[in-house]
Each structure stands twice: as C-alpha cells, then as structure tokens.
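To start, the structure under review is shown below, and the notes come after it.
Next up, the structure:
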C-alpha cells in the first residue's frame, strides 16, 4: 500500500517518565520495597505524538525545553534512538528537566509525582519561521500548561503556517478553572485541527453536549474540531458535516498515551488525505494500540499493523446531523 510520508514538527511538553511497579501495595513508612525495575520513558504530549508518528513512518522534529541535567541527556538519547530530529530541543538554565514518577499499585488508580521544570521556559521563540517552513504539519501540544507560551506569538506562528500551506494541529492541557473560549479565540482561525477532550471543551464553552461543544469551537474558527470522549469515542465536525465514532474496548495495560496516539493517527490520516470517518477509525486504532504496553508510546502500532487491525475490527462511525444555529 502506498503511503504519503511527511515532515512533522511536534512542539510543547517534554517529560522524563519513571514507572515504579507494579506493586501489590505502597511501602510503609521507613520500609524498603524491592521492585523488579523502574523503567524510564520519554513522555509529554510533544514527544508522545512525535514518537507515534515515527512509528507511522514519518519524519519528526521535536521542539521543547529541557534542563541542564542527566535527565535531559536521557531524553535526548531516547529521542535520537527513535529517529527524532532534536535540533529544536534546547537545554535551559535555571530549570530542571520535567519529570513524572508514576506509582503503579495493582488494582488502584495511578499516583503521580511531577516536576514541571523546564517546560515553563517554552516560548514562541521555539517556533522559528525557518523551522516551520521545513514542515508539512505543525503539532503544538500542551497549550495552557506552558505558561511561557504567549498567545500572540503562537498565533503568529500558526498564521505563518497556514499562509505557507502547513497544516496546524493544536492540543491542550486545561486546568478545571479555565480559560474560557474568548481568551484564546484569536488562535482558532489559524488551526486546522483542534483536539480537546470533552472536559476541556466544557471549560472552554460552558456546554455539556460534545456536539454543541465542537460546534462552538468550530464557529470560533477552527477548521476541524475533534472532541474526544474517552471510552465513548469522539465527535468530529468539519464544515457542515459531523461524525461520531465509538472506541475500541479498553483492555490494555496502560491508557495514559491513548489520547496523544489518537492525535498521531489523525495527523497520519490527514497526510493520506483520507475523509474524516476513515481518519477517525484509524486514529482510534492507533489510540487503542498505545494501551498495550507500559508507557505512552511503546505499544503503538506501525502503519502496517494499524491497517491490518482496522481491516479486521469494525468501529461504528455514524454521521451527525448538524442543525443551523
């Protein structure tokens, strides 16, 4: 099967993830609890989406900020081994590399210890025009969890991409208290794909229904809005068409990378010029595959594996009637 490959830039959050467990219980105070291992992976939405796209056969460059420490060297080594271009990843003085320690206790929800670190140093200066002009797609992940990223500078970068025919994909990490849509609506006319989950879209719009959420975000200017619904699938609107897809059964090991893998699948589908129903089917398969292994990217399908899976596993994708408002 012929596939279109592209140059994708993935910008935003980079994290060193350390997994502790699985264990039967947490240690008591003063107790030493031996583990079989504490594997270290690269995480953060920019890395997760980028590594997922590399598995789909694409060329990926990362843009982000790390500290001047051993964790930064680990992340750079792991990204390099995977085949990512890290020329736009910089070490920043004054901040440690962002880290998350994930505590895995059997039959319990995960516990997280997190250092935000150098991600707070990420600014729109990490999106230079000379780099953008080498891309087919720009993905920016972690908006609203990157306090140094000014919206005006980001809008300029997105507008530059749109003027140059470079597709733009914007993903978010949103605190429960905001922001509201009007605070960032100036970005959306420059965005080809906007990818909030339904909880984030509720914060933006004040609406509960995911179709209404997507409609409000689309009216603000985003060309395609995909609102993910976890185990209930996703809703997508483009123009006057809308689609709702289901989700594959979640019987995997680790769901933490599923959303970013879904985004990688959508970007792959965009480059193949597939219609939205086919794109949703493929992206859902890529998202499900991320749950097969510990960590956010280890289990992600290759493009061949995804095509094989999709051909054998039906996923309901139904058209939504969009009413004029």
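Numbering (the numbering used here), first residue to last: -7 to 317. We treat Cβ as the ideally placed atom computed from N, Cα and C, and that holds for glycine. Just so you know, these numbers come straight off a predicted model, no measurement behind them.
Residue environment analysis places residue 172 among the exposed positions, since fewer than 16 neighbouring C-beta atoms fall within 10 angstroms of its C-beta. By the 16-neighbour rule on beta-carbons within 10 angstroms, residue 91 is buried.
Measuring C-alpha to C-alpha distances from residue 239 to each of 135, 149, 225 and 174 identifies 225 as the nearest.
Inter-segment contact for the segment 178 to 193 and the segment 208 to 217 is present: three or more beta-carbon pairs are separated by less than 8 angstroms. Residue 281 and residue 221 have their alpha carbons spaced roughly 17 angstroms apart. In the DSSP annotation of this structure, the continuous segment of the alpha helix (DSSP H) that includes residue 300 starts and ends at 295 to 304. Residue 252 sits away from residue 52, with the two beta carbons spaced by 8 angstroms or more. DSSP places residue 269 inside the alpha helix (DSSP H), whose first and last residues are 268 to 281.
In the three-state reduction of the DSSP assignment, residue 106 falls in the strand class. Each residue's CA atom was taken as its position, placing residue 212 and residue 32 some 40 angstroms apart.
DSSP places residue 140 outside both helix and strand once states are collapsed to three, so it counts as coil. For residue 82, the closest alpha carbon among the candidates 115, 94 and 157 is that of 115.
Going by DSSP, residue 257 is part of the alpha helix (DSSP H) stretching over 250 to 264. Restricting attention to alpha helix (DSSP H) runs no shorter than 4 residues, the segment 53 to 109 encloses them at 62 to 74, ordered along the chain. Counting of Cβ neighbours within 10 angstroms places residue 111 among the buried residues, the total reaching 16 or more. With fewer than 16 other Cβ atoms from the protein chains shown falling within 10 Å of its own Cβ, residue 126 counts as exposed. Look at the beta carbons and you see the segment 63 to 81 not touching the segment 139 to 149: under three pairs across the two are nearer than 8 angstroms. Secondary structure remark: continuous beta strand (DSSP E) runs of at least 3 residues inside the segment 112 to 136, in chain order: 129 to 135. For residue 190, the uninterrupted alpha helix (DSSP H) run begins and ends at 190 to 197, by DSSP.
Counted as a single uninterrupted DSSP element, the beta strand (DSSP E) harbouring residue 312 occupies residues 309 to 312.
Taking the C-beta atoms as reference points, residue 257 is found nearer than 8 angstroms to residue 275. Measuring C-alpha to C-alpha distances from residue 243 to each of 263, 273, 279 and 264 identifies 279 as the nearest. Excluding residues up to 5 positions away in sequence, 288 lie with their Cβ nearer than 7 angstroms to the Cβ of residue 248 in the same chain. The criterion of a C-beta distance shorter than 8 angstroms is not satisfied by residue 163 and residue 2.
When rounded, the separation of the alpha-carbon atoms in residue 156 and residue 69 is 32 angstroms. The C-beta separation of residue 97 from residue 15 comes to about 6 angstroms, placing the pair in contact by the 8 angstroms criterion. Non-local C-beta neighbours of residue 45 in its own chain, meaning closer than 8 angstroms and more than five positions away in sequence, comprise 0, 2, 52, 256, 259 and 260, ordered along the chain.
Straight-line spacing of the CA atoms in residue 309 and residue 154 works out to 29 angstroms. Taking 8 angstroms as the cut-off, the beta carbon of residue 79 is found no closer than this to the beta carbon of residue 43.
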